[in-house]
Amino acid sequence: MGPAGKGIYRSMIKARPATRALVAAAFVALLARSGLAAGDPEPGTSEAEKAAVNRPGSGAGFPYRVTITVANDPEDLTPWLREVSQLAALEGDPPFTRMGLERRIQSDLDRFHKALRSRGYYDADLSADVRDSAPGPAMVEVRADPGPVYQVAKVAMDYRGASDVDGLPQGADAVGLKLGQTARADDVLAGEKRLSEDLRKSARPLAKVVDKVVVVDHAGRTMEVTYVVEPGPVADFGALRVSGLDRVKESFVRKMVPWREGEAYDEDQLRALRKRLSDSRLFATVHLTPAAEVGADGRIPIDLTVSEGAHRTISAGVSYATDTGAGATLRWEHRNLLGAGEKFRADVVAAQKEQSLDLTFRKPYFLDPRQTLTMNASVSREDGEAYSGEVGELGMGLEREVWEHWRLSGGLAFEYGQLVWEADPSDARRRHMLAGVPLSAIRDGTDDLLDPTTGTRLALAATPFAGQVDGAGTTFLVLETTGSAYYPAIENRLVLAGRARLASLTGADLTNVPPNHRLFAGGGGSVRGYGHNLIGPLNGDDDPTGGRSAAEIGVEARIKITETIGIVPFLDGGLVTTESWPSFSEDIRWGAGLGVRYHTSFGPLRADVAMPLNPRGSDDSFQVYISLGQAF
């Protein structure tokens, strides 16, 4: 509050002529009796106000227009106060009477007073003036003089009930404040939250800030803050008491617990457990709280109450591309197959040129909380430009979280295939049997799987293969690196995105490498504007033969026009060579285009039209791609 004499702000509202009021009141009463009165009175409108005036000829209520002026505006406060203003927000919904307008004005003056104090202005002078401009709307002018900004002069802690305060947080730094900084109310409140959290991270589960004593010195234009704290006793983790489980085994929940009973209490550990429970997608609600008091043994029990959500999900999707045709996908997932968070998923793809069934099983917390056992089996049939035929695969592996956002994986894979190699003039079905050791390191620091707006992704993969192709032995190694980055250039309006891919195949001649393991580029998830797998070497029939190296790059601007509609101009480039390392002296094939995005609650729907910028004679003039999710 301001100094003496400035605690109540002026509201200079001129009275309207009584004669006009009486005539208007009679007119309103007549309309009301005939059932034609426009607009209902605001809640709380008194009978005296109902008998008062509506603006003649206004049609409904007491219309007005508001302007807000800030004297010597030090930090562009005018637009900010307009966002705070109810007068501005409700201009299109005028009050029933002039008295209703006066109430709005006084409410705004109080609102502005609090808002300016939150910015460190504790000696603001506010006033409002109403000018009639009949028969048009009244003109309301709100004037604000924020005055000088106040500064933080002192920060102290008053620890109640603590016999020894040594080691407890003290001073401005403990709450994220600095002496001499602007005395913003938000910073003081944030300091309260920070102080409580830091104490609870330091083995004091019952610590809380019970009060704040704020003293404003108007003469010195400063503010002093004293946080009154009940630190509570130091405690260790006690027993975890679990309730609410139905189909999920309690033993599985206890595997998620990141602490051991008897360790020093730390609020961050509770936060980690809460995140693990939420990420499992097994629970609709999770409530995790320490008990109300510490036991005689110096330990505090932890209460976990959950309610389970649905464990099964079925989803479907459709896609279309001019190069691969129409397709549909169906997915069924069970996230608690055996009661311990095991995930089983079946994916079916039915498209014009590809049909597949992929079964995946994942067992989390396998031998270690950071480790997941994976198993997969798949069968697929493809009729593409490079090859056609059937392939079956079996695999098993381990995934392990090693650092924040990083995941390592390794395993064994077995494959059997019967393929017609389009580059082979004999058109014979060639059999291959391979064993592989897929290894990968993946980092995902983005904010969304289907529609990332910030962060980066990086995937490093290496898979050595050994086996037979038509009875002849073969060994080769496939290396691949992909990365993407996303930058929100304009919040909620423009995201700049880029991707790159670099891949290499070594160790065997291409004639001893099945075509489904050769390297290709081109298509909706690669270089748009070119047909699927059609960038790179071609045979005499313009069928792709695949290569030993590939490189791709892509950039796009994701522009939101409305909350649901966006456009995406993009540029992609790529090449495929028969050398084990890309030769950038060869022509890079470039494609460009424009896409439309329709943003839904489950992800963006994508429609892209692209054309090749330096096509060969066999390339189509354009390509169309329709699917769910961004291109990358």
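Quick note on numbering: the sequence shown equals residues -37 to -1, 1 to 595 in mature numbering (1 follows the signal peptide of the UniProt record, and there is no 0). C-beta: ideal position from N, C-alpha, C; glycine also.
Counting the other CB atoms within 10 Å of its CB gives residue 80 a total of 16 or more, which places it among the buried residues. Pairing residue 474 with residue 269, the inter-Cα distance amounts to about 58 angstroms. The residues 203 and 205, in chain order, have a CB closer than 8 angstroms to that of residue 217 in the same chain once the five nearest residues on each side in sequence are set aside. By the CB criterion at 8 angstroms, residue 515 and residue 546 fall outside the cutoff. In the DSSP assignment, the residues bridged to residue 334 are 363. Sequence-distant Cβ neighbours of residue 416 in its own chain, meaning closer than 7 angstroms and more than five residues away, are 410, 449, 451 and 458. Counting the other CB atoms within 10 Å of its CB gives residue 162 a total of 16 or more, which places it among the buried residues.
By alpha-carbon distance to residue 523, the top candidate from 333, 455 and 512 is 455.
In terms of Cβ geometry, residue 501 and residue 389 do not form a close pair [threshold 8 angstroms].
From the listed residues 105, 147, 562 and 141, the smallest Cα separation to residue 85 is found for 147. In the assembly as shown, residue 177 is an exposed residue. Its beta-carbon has fewer than 16 other beta-carbons within 10 Å.
Per the Cβ contact rule, the region 67 to 82 is not in contact with the region 117 to 136 (fewer than 3 Cβ pairs under 8 angstroms). The C-beta separation of residue 103 from residue 50 comes to about 6 angstroms, placing the pair in contact by the 8 angstroms criterion. Residue pairing by DSSP places residue 35 opposite no residue, since no beta bridge is assigned to it. Within a 10 Å sphere around the beta-carbon of residue 223 sit fewer than 16 other beta-carbons, which makes this residue exposed. For the region 425 to 461, the full-length beta strand (DSSP E) segments reaching 3 residues or more read 435 to 453 along the chain. Two segments are said to touch when three or more pairs of C-beta atoms, one from each, lie closer than 8 angstroms; by this definition the region 140 to 159 does not touch the region 244 to 251. The C-beta distance from residue 257 to residue 263 rounds to 5 angstroms, short enough to fall under 8 angstroms. According to the DSSP secondary-structure assignment, residue 144 is paired through a beta bridge with no residue.
Membership of residue 102 in the beta strand (DSSP E) is indicated by the continuous run 101 to 108. In the structure shown, residue 157 adopts helical secondary structure according to DSSP, grouped into three states. Annotation: the continuous alpha helix (DSSP H) that includes residue 78 extends over 61 to 81. By the 16-neighbour rule on beta-carbons within 10 angstroms, residue 467 is buried. For residue 321, DSSP records a beta bridge to 310 and 341.
Partner residues in a beta bridge of residue 183, as assigned by DSSP, do not exist. Taken in chain order, the whole beta strand (DSSP E) runs of length 3 or more contained in the region 189 to 229 are 199 to 206. Closest in alpha carbon position to residue 308, among 319, 317 and 296, is 296. The alpha-carbon separation between residue 140 and residue 367 amounts to approximately 29 angstroms. Taking the Cα positions, residue 418 is about 44 angstroms away from residue 503. Straight-line measurement puts the Cα of residue 123 at about 27 angstroms from the Cα of residue 114.
Boundaries of the beta strand (DSSP E) harbouring residue 295: 288 to 297, taken from the DSSP string. Nearest to residue 558 by C-alpha distance, out of 565, 539, 549 and 535, is 535. Counted as a single uninterrupted DSSP element, the alpha helix (DSSP H) harbouring residue 47 occupies residues 40 to 47. Proximity to residue 285 across 586, 570, 590 and 144 peaks at 586, based on C-alpha coordinates. Between the C-alpha atoms of residue 346 and residue 208 there is a straight-line separation of about 48 angstroms.
Short of 6 angstroms from the beta carbon of residue 314, and not among the five residues preceding or following it, lie these beta carbons of its own chain, in chain order: 290.
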